[in-house]
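Protein chains in written order, with the numbering used here: chain A, 1 to 10; chain B, 1 to 212.
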């Protein structure tokens, strides 16, 4: 679930 | 995803729905700080810049659109919708919230995880969200008692980040290398700012009267 920015949380 | 984070997101969603319900159905924003709503719109605008460049999940994208849409529409309602704007307490909502923006930006330029445009703005949104509730809490002090919907809104908004703290504790123990000090400290400060409100909220809630 890791986004490229590393932020998978809202 | 874990139960704490899901509960946190649902609590956050509930807070914006309660506020939208209040503003849209009874056309009133009495007791609500426009300045806090403006800060939240900036928080989401700077935190979800990656909404089109990095796909995490349908849920993630959907919730980002909901938070962006609701925060900007609440600001629009309170600024430009005649009936709602009339109930806005301009004289009392005077916290200099723009004075919060610059220090958060400077802090994000100094303390961040990666020095990239998206990451600095993302960190800025974390710091800004931590203090975004201040105008609302100051307005609360001035208007003394508020209606239940506004009280529920603030309670849910304060509660969601508290649930996120449980989510971070859970992830710290279940995921290797899950360490995000900046997020954790900002989230803790944000939740602690509500401590005073929570105290009175539970006092009144137990008493069964409105929040004063």
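Positions of the beta carbon are idealized from the N, C-alpha and C atoms, including for glycine.
Taken through DSSP and simplified to helix, strand or coil, residue 2 of chain B comes out as coil.
Taking CB atoms only, residue 57 of chain B has a neighbour in chain A less than 9 Å away.
At a cut-off of 9 Å between beta carbons, residue 10 of chain B makes no contact with chain A.
Taking 9 Å as the threshold, the shortest C-beta distance from residue 64 of chain B to chain A falls below it. Contacts with chain A at 9 Å (Cβ-Cβ) do not include residue 4 of chain B. Residue 38 of chain B and residue 179 of chain B have their alpha carbons spaced roughly 30 Å apart. Annotated three-state conformation of residue 117 of chain B is helix, per DSSP. For residue 38 of chain B, the uninterrupted alpha helix (DSSP H) run begins and ends at 34–47, by DSSP. In the structure shown, residue 27 of chain B adopts coil according to DSSP, grouped into three states.
Interface criterion not met: the Cβ of residue 40 of chain B is under 9 Å from no Cβ in chain A. The alpha-carbon separation between residue 146 of chain B and residue 167 of chain B amounts to approximately 31 Å. Residue 174 of chain B is outside the set of residues whose beta carbon lies under 9 Å from a beta carbon in chain A. Residues of the region 61–92 of chain B with a Cβ closer than 8 Å to any Cβ of chain A, in chain order: 63, 64, 67. Nearest to residue 77 of chain B by alpha-carbon distance, out of B:23, B:186, B:156, is B:23.
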